[in-house]
Structures are given as C-alpha cells and as structure tokens.
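Here the structure is laid out as structure tokens; the discussion comes afterwards.
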Amino acid sequence: MSKTNNQFDKFKPASADFEFQQFPFYWLMRVGSVYSLRMEKSLKKGSINITAWRILMILRENGTLSVSDIATHAVAKTPTITRATYKLQKEGHVTISTSEKDGRISMVQLTESGQETIAKVTEQSERLFESIYVDFTTEEIDTLNDTLQRLFYNLAEY
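In short: position in the sequence shown from 1, add 6, done, that's the working numbering.
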C-alpha cells in the first residue's frame with residue numbers, strides 16, 4: 007500500500023503544511039545538542055571530550071579497529087578521528103600500530119588506561135543516563151532505537 011504524499015506534507019520543509027515542531031529532525035537535532043552539552047559537562051570530570059568518549063566506547067565494543075572503521079562507526083570524518091586518536095595515544099588511552107595486512111592502515115587498540123577512563127567516566131555519567139531514561143520503558147527505548155536505525159539506513163541509502 008502506497009502512502010500518499012499529502013499525509014507527509016507537514017513533515018516536509020518545502021510544504022505549505024510544514025510544522026517545524028512536527029519535523030523529526032528538529033527534535034533529533036535538539037536532543038543531540040542537549041545530549042552533547044550534558045555529556046561534555048560530565049566528561050570534563052574525566053578529562054576527555056565527546057569525540058574521545060565516542061572513540062573509546064567504539065573500541066570497547068569492537069576491539070582493535072582501523073582509524074577509518076572508527077570514523078565509520080562514529081559517523082565522523084577520518085581526519086577528525088585521526089587527530090583524536092593520536093591525542094588519545096599521547097594520553098596513554100590507546101595504542102596505534104600499523105596493520106599487518108596493509109602497512110597503510112593504522113590500527114587502534116584500547117589500553118588499560120583507556121579502559122579505566124571509560125569505567126570512570128561511565129560511572130560519572132550514570133546520573134545523566136538515569137535522568138534521560140527516567141520515564142521510558144525498555145520497550146519504548148527499543149522502539150525508538152529501531153526507528154532511529156531505520157532513519158539512519160534510509161539516509162545512508164540516499
């Protein structure tokens with residue numbers, strides 16, 4: 007069953023029926039911005055920024071990765087991730103080595119210091135996440151994640 011264009015007009019910025027507060031990306035950007043501000047504040051206690059947090063969390067979940075794989079997971083530009091990983095290396099949170107398969111590829115691995123930093127910062131940010139999820143059920147969060155994944159893959163296909 008095909009959906010008519012009219013039923014989506016209030017979600018399309020070019021439409022006369024557009025209502026910005028009904029635009030999902032208005033809310034996504036607001037949520038993302040407030041989340042970033044709150045996380046930056048929480049992360050300052052652990053002496054890292056949100057980019058470093060993302061890199062460390064990606065490595066915690068995935069193990070050793072190339073810089074470009076980290077950039078793909080983070081949906082960030084490779085030069086941004088490269089700079090951040092070298093800073094993390096100087097701080098002792100990651101090691102960077104050359105790939106055994108391809109000498110042009112830099113591989114990044116979490117160190118014990120990086121794992122300790124993640125544990126410390128995760129503990130410090132726990133109250134933030136408790137406040138974010140306070141009036142949600144696990145089913146609602148699962149549904150939200152499913153919806154956001156669909157939006158992500160639709161955008162990735164565009």
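Think of the CB as a built atom: it goes at the ideal place given N, C-alpha and C, for glycine as much as any other residue. Since the structure is predicted, the reported quantities are computational estimates derived from the model, not experimental observations.
| Check | Outcome |
| --- | --- |
| Segment limits, beta strand (DSSP E) that includes Val114 | 112 to 116 |
| Residue ranges of each alpha helix (DSSP H) within the segment 31 to 74, 4 or longer | 56 to 68 |
| CA-to-CA distance, Phe31 to Val37, given in whole angstroms | 10 Å |
| Proximity below 9 Å, CB of Leu65 to CB of Leu116 | yes |
| Burial state of Ala162, where buried means 16 or more other Cβ atoms lie within 10 Å | exposed |
| Collapsed DSSP secondary structure at Thr104 in the structure displayed | strand |
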